[in-house]
Each structure stands twice: as C-alpha cells, then as structure tokens.
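A short worksheet on the structure shown next.
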Amino acid sequence: MSLLKPFSKLPGLNTASILLVESEEQFQLRLADALVEESNVTVNVRLAKSLPLPMEHEVTRPRIDLVVFIINLTSELSFQSAEASLKYLDPGYFLGKVCFMVTNARNASAPPERLDAVRKLAASLHCALLFAEDETPDGVTNATERLLTILKVAAGLVPMATALYLSNLTRCTMPSDLDQPSFD
Amino acid sequence: MDDTTKCLLRRLVRRIPTQILKTTLEKWGRLTAAQEQSIDSTSSKWALTEKLLSICEENRWTLKHITELEMIYIIDNPNQGMWHAFQLMEPEDDAQSVELMQFKEQFKSHLSELARHVSVKIKKHTDEAVWIRIAWGDGFSRPNNLKPTYVVHYLQTPYVFVTRLTSKQKPLLSQALVLATRHHAIKDANLSGRKLFAIRDLLMRQYQQVFPSKFPRNLEEDQQTVLNPHIETEQAESAANRRQRACEAFGAGTLPQLQSVVYKLETKFKDHTNKTMTEREEPFRCVVKFASTSLLESLRDCACSGIASTPVTPLLSSIPLKGRNYFVITDNGPGPSSQTRQPHN
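First to last, the protein sequences are chains A and B. Throughout the first sequence, residue numbering follows our numbering, covering 1254 to 1437 in sequence. Throughout the second sequence, residue numbering follows our numbering, covering 18 to 362 in sequence.
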C-alpha cells in the first residue's frame, strides 16, 4: 500500500504544496489557477482524481503540506471516491493537514443525508469542513483565500502556529442532538 | 382555387416561422418583385396568411405549387418529427450504377402501380440527396396532402431516411424503393432521431474517427505546455488513456446529435440475494432508455471522466459502430425470436 507520508521529504524554501483530490476534476482546475497567483509564497499545486497517487512521480513530487478532498454533494460517486481515497493517507496527515471542501451544498438535488455523512466523516477525523461555491469567479476567489490561510499554517510559514493547533480551532464538530430546540 | 389548396397554404404559413417565411418565399421564386415587396414580415401571422391567399388567387397557384413550397421549407429545415433509417440489402449487379433519371422513373411507376392515387414529387438536392414527397390516397379518396411522407435517399448508398410513414404505407414504400434501387430487400436499420443530418452522419461515418494505435500522438497535448509549471496533474497518463479509449469508441470532435438509445432486455434476472426472482424461468423484460440533447457526446464524456469504465463496453460502443440506437439484448442461448441479437457481434 503506497501511503502518502507527510514528513518523509524536506520542505522547500518559502514554498507550500497542496494536493487537490476531486473525482470530477472540474473545480480543482479553477482553484489551481487561482492558488498559483499567490505572490508571497510559491504554491505548488498537484491535482488528482483519487488516491493512491502513481508511483512514477514519487521522486519528483514535493512534500505535500495540505490534502484537500473536494466533494460535490450532488454526486454520490464523488463522496464514495473521497472516502475510498482516505485510506491511502498516512495517519500523520490527520493532525491538521487534511481538509474537506464541499460544493453545491445549496443545490436542491443534494440529499441532506449526504451532507450529514460528510460532516460525520470530517468530525470523526478531526478535520476542517469548508463550503465553497464553484460557479462564479468570486466563489473561487473566496475558496482560494480560505485554503491559502490553512495552507500557510500547514506548511509552517506562519510563526507561532502549527497545523495541529489550527485544526483544534477549525475542526468540524457534529452537533450532539439536532432535534431538540436549542434555547434553554 | 379550390379549398384543399387554400387549406394547405393556410396550414403551411401557420407552420413556417415568420423569420424564415420571407427567405423561403424568395427561394421558391414564384412571387413577382412587387408582390414580394408587399409582404410585410412584421405583421401578424393571420395578416400574412390573408395576404398570401390573395396573392395565390392572383397568380392562380395550384396544389402542385403549394406542395413545391412545402418541400422547399422541409428541405431547408429537416429537423422536425422523427426520422427513421432503413437499409437496402442484397444489391443486384447493376445497383451501383443506378442514376437519378432512372431512379425517378422507376420509383414513380412502381409506386403508382402499387398504390392508387399517390402523388409523388422528387427533387435532387445539391448534396447528392434525393428528396421524395409522397401524398397517399387510397382507392376511394384523393391523395391526402396534409400528411405527406418524406423520404431521403443518397444514390449509390444503401441508406434511406423516412419520416411520417404509417405501418400501412410501409410495405408499399419498401417495395417501390427496393425495385427502383435494384436491391432485393430492405430492413429497418433500428436508428431514429430528430435530426436528419445527425443520423445520416452517423450511418455514413461523417464524423472524426479515431483509430486504435499503439503509440497515440495527441496533438492537443503539445499545446498544453503553456500550463503553469507549478500545477501538475498526478494521474495525467490514466486520464489520457481514458480519453483515448473514449475517442476510439465514439469519435473525436463534434459528434452527430442522437437523442436517445433504447435497450430492450430479455435476459434472466440475476441477483443472488433475491431467490424468488432468480428462480423464474421466463426472462425478465425491461426497457432501459438513455436520453440526452447529444447522446454520443454525453457517453464519450462519461467514458473520459471514468463514470463508464474503459475499455468501453460493447453495449455502448455498438451505437456508433453499428449505427443503431435500438437494441434487443438476450442471454447467450437459443432465442426463438428473429429479432434477437447478441450485443457483441
């Protein structure tokens, strides 16, 4: 099993590398174009449809600082592919170097059970869950900014902050009971 | 000018959209310059109809002229109604040398022998297609010009495309076509669609085909070196493989626009968890239909993105390969019906 390991390589100077995993391969292209525009840091973007990654590129691949799973809520295949890819990540990634990005949450054809399932998954892995809007350029810009914030911390470029520290603040939590009214 | 002519003209004007009406009338060329000027395209349909009826009275147009106009309109806008494809089988030795005049005479004479009171109009279009308009009548009534059948045949090819044919008229038309084109039989090609040129292009393979090769050279990839060096696709090779297989199965570029494909299944039910259904002797009949605005491009996208597994299953790749969109699928076993066909031959 070829696991992707977080600390097996040396980092680059003022560089951050992000891996975008998306079964549909649509949103990741636009995000990639926006991410490389960042001027303060050199951002390397790797795009994949699913894990495991091919062995041939193992040597040339930089150290991946953040793995983002992009899930389209209107497609069951998207969710299942992301879930199946999780087992190819070394457990070290789940200390703040993985996050989930969900698109089409407001779409009427997305069943609410799927969002709950994604929430449960993110909560059980202690990862952040981000919602993105992929149709407009503004949505892409917003998503990029949020990813860059987490990426810079995960790459160690922000002083006094580590990925694990940040993940304690940003991780997804499941509300314990959703049916009961919340005012006491 | 009698009632049927007026009725036909009214119906025709109602059918033709106002934007196309002027150009169609110009193409037809039976109006004088003054009359053409007097038609105001911005007026309402009703006003246009009345104007044309009065011009019709002036010029003394007959039914023949109006059917000519209808044919011009249909030839320019063929994508109305459902077109069905037929294939001529077992050509005689001189089938390849049938030329236009011979075909016209033979078809007209055979059809009038077979069906009394038919009115046939044949026209050759610039792109080698022969258009035939048939108004059917029976022994007791004049030909019904309100429900004509249109037939398109490309000479020297075995393909015939038909729209608006009833099952009663089918054997008559088949016989006339077979005799006029010097073949022995005609069969249903199991291909139908709304766009005439799409089904023609599919049957005659007029789309960009990709042939399987051991070392495929993708010209588009050479142009992609402009991509940012910081972005890298990890699984580019498998994506390129999928794309190659999908294009080999369906073709590259713009594909003919089919609207649907129907699979009629007569296979046995196979599911280990459901004993009652699996134990039945009779086949489980079910019909699966895929529909889209451009079906072949959708299927090719499915294969490219990995939703349909590659190499593409013969069930899907037979659509362009055999040029049909209606399949009957049975298990590999002695099938009694003559329509049965295994999907992989």
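Glycine included, C-beta positions come from ideal geometry on N, C-alpha and C.
Can you tell me the Cα-Cα spacing of His-170(B) and Met-118(B), whole angstroms? Position 153 of the second sequence, counted from the first residue, corresponds to residue 170(B). Position 101 of the second sequence, counted from the first residue, corresponds to residue 118(B). Distance between the alpha carbons of His-170(B) and Met-118(B) is about 14 Å.
Using a Cβ-based criterion (distance less than 6 Å to any ligand heavy atom), does Met-118(B) qualify as near the ligand COA? This structure lacks the ligand COA, and indeed carries no ligand of any kind.
Taking DSSP's pairing of strands, which residues face Val-177(B) in a bridge? Within the second sequence, residue 177(B) is the residue found at index 160, counting from 1. In the DSSP assignment, Val-177(B) forms a beta bridge with Phe-103(B) and His-170(B).
Going along chain A, which residues have a C-beta under 8 Å from Ser-322(B)? As a position in the second sequence, residue 322(B) is number 305, starting the count at 1. Chain A residues near Ser-322(B): Glu-1277 and Glu-1278.
Quick check: is the beta carbon of Glu-251(B) nearer than 7 Å to any beta carbon in chain A? For the purposes of this step, residue 251(B) is taken as residue 234 along the second sequence, with counting starting at 1. Yes, its Cβ sits closer than 7 Å to a Cβ of chain A.
Would you verify that the beta carbon of Arg-1299(A) is, or is not, closer than 7 Å to some beta carbon of chain B? Here residue 1299(A) is taken as the residue at index 46 of the first sequence, counted from 1. Cβ-Cβ to chain B under 7 Å: yes for Arg-1299(A).
Leaving out the 5 sequence neighbours to the left and right, which residues in its chain are closer than 7 Å to Asp-1414(A) when beta-carbon positions are compared? Your numbering for residue 1414(A) matches position 161 in the first sequence. Strictly speaking, residue 1414(A) in this sequence is Ala, with Asp absent from that position. Around Ala-1414(A), the same chain offers Val-1406 as residues with beta carbons nearer than 7 Å, after the five sequence neighbours per side are excluded.
Nearest CA to the CA of Leu-1256(A): which residue from Pro-1365(A), Asn-1293(A), Leu-1304(A) and Ala-1396(A)? Against the first sequence, residue 1256(A) aligns to sequence position 3. Comparing Cα positions, the closest option is Leu-1304(A).
Where are the alpha helix (DSSP H) runs, 4 residues long or more, that stay fully inside the region 95-159 of chain B, in chain order? 117-131, all fully within the region 95-159 of chain B.
Give the single residue among Asp-93(B), Arg-341(B) and Ile-92(B) whose Cα lies nearest to the Cα of Ser-209(B). Indexing the second sequence from 1 puts residue 209(B) at position 192. The residue with the shortest Cα to Cα distance from Ser-209(B) is Arg-341(B).
Test: Leu-1319(A) CB closer than 7 Å to a CB of chain B: The residue given as residue 1319(A) occupies position 66 in the first sequence. Interface annotation, Leu-1319(A): not in contact with chain B, CB-CB separation never under 7 Å.
In chain A, which residues lie less than 9 Å from Asn-245(B) when you measure between Cβ atoms? The sequence position of residue 245(B) within the second sequence is 228, counting from 1. The answer, in chain order, is Ala-1285, Asp-1286, Val-1289 and Val-1298.
Below 8 Å, can you find three or more Cβ-Cβ pairs linking the region 160-178 of chain B to the region 200-220 of chain B? As far as the Cβ criterion goes, the region 160-178 of chain B touches the region 200-220 of chain B, which means the pair count is three or higher.
Just to confirm, are Glu-89(B) and Thr-41(B) a CB contact at a threshold of 7 Å? Taking the second sequence and counting its residues from 1, the one referred to as residue 89(B) is at position 72. Taking the second sequence and counting its residues from 1, the one referred to as residue 41(B) is at position 24. It should be noted that the sequence gives Ile, not Glu, for residue 89(B). With a cutoff of 7 Å on beta-carbon distance, Ile-89(B) and Thr-41(B) are scored as near each other.
Can you give the Cα-Cα distance for Glu-85(B) and Asn-162(B), rounded to whole angstroms? For the purposes of this step, residue 85(B) is identified with residue 68 of the second sequence, where counting begins at 1. For the purposes of this step, residue 162(B) is identified with residue 145 of the second sequence, where counting begins at 1. Computed Cα separation, rounded: 12 Å.
Which residues of chain B have a Cβ atom closer than 8 Å to the Cβ of Pro-1307(A), listed in chain order? Within the first sequence, numbered from 1, the residue matching residue 1307(A) stands at position 54. Taking the beta carbon of Pro-1307(A) as reference, the chain B residues within 8 Å of it are Glu-251, Gln-252, Glu-254 and Ser-255, listed in sequence order.
For Gly-270(B), tell me which candidate among Thr-183(B), Ala-206(B) and Glu-314(B) has the shortest Cα-Cα distance. Taking the first residue of the second sequence as 1, we reach residue 270(B) at position 253. Selected option, being the one with the closest Cα: Glu-314(B).
With C-beta atoms as the reference, is Val-1320(A) less than 7 Å away from Leu-1272(A)? As a working note, residue 1320(A) is residue 67 in the first sequence. As a working note, residue 1272(A) is residue 19 in the first sequence. Yes, the Cβ-Cβ distance between Val-1320(A) and Leu-1272(A) is below 7 Å.
Can you pull the chain B neighbours of Lys-1350(A), defined as C-beta to C-beta under 7 Å? The residue labelled residue 1350(A) in the question sits at position 97 within the first sequence. For Lys-1350(A), there are no neighbours in chain B by C-beta distance under 7 Å, as the nearest C-beta there is about 17 Å away.
Counting C-beta neighbours from all protein chains within 10 Å, is the total for Glu-1278(A) 16 or more, i.e. buried, or is it exposed? As a position in the first sequence, residue 1278(A) is number 25, starting the count at 1. Under this definition Glu-1278(A) is a buried residue.
Please work out which residues of its chain come closer than 6 Å, Cβ to Cβ, to Pro-351(B), disregarding the five sequence neighbours upstream and downstream, and give them in chain order. For the purposes of this step, residue 351(B) is taken as the residue at position 334 of the second sequence. Reliability of the predicted coordinates at Pro-351(B) is poor, the pLDDT of 35 falling under 50, and the value obtained from them is presented with this limitation in mind. The answer is none, since no qualifying residue turns up.
Go through its chain and collect everything with a Cβ distance to Ala-1381(A)'s Cβ below 8 Å, but skip five positions before and after it. Numbered from its first residue, the first sequence carries residue 1381(A) at position 128. Within the same chain, Cys-1352, Phe-1353, Ala-1375, Ile-1403, Ser-1420, Thr-1423, Arg-1424 and Cys-1425 come within 8 Å of Ala-1381(A) by CB-CB distance, once the 5 residues on both sides are set aside.
What residue range does the alpha helix (DSSP H) around Met-1413(A) cover? Here residue 1413(A) refers to the residue found at position 160 of the first sequence. Unbroken run through Met-1413(A): none, as it is neither H nor E.
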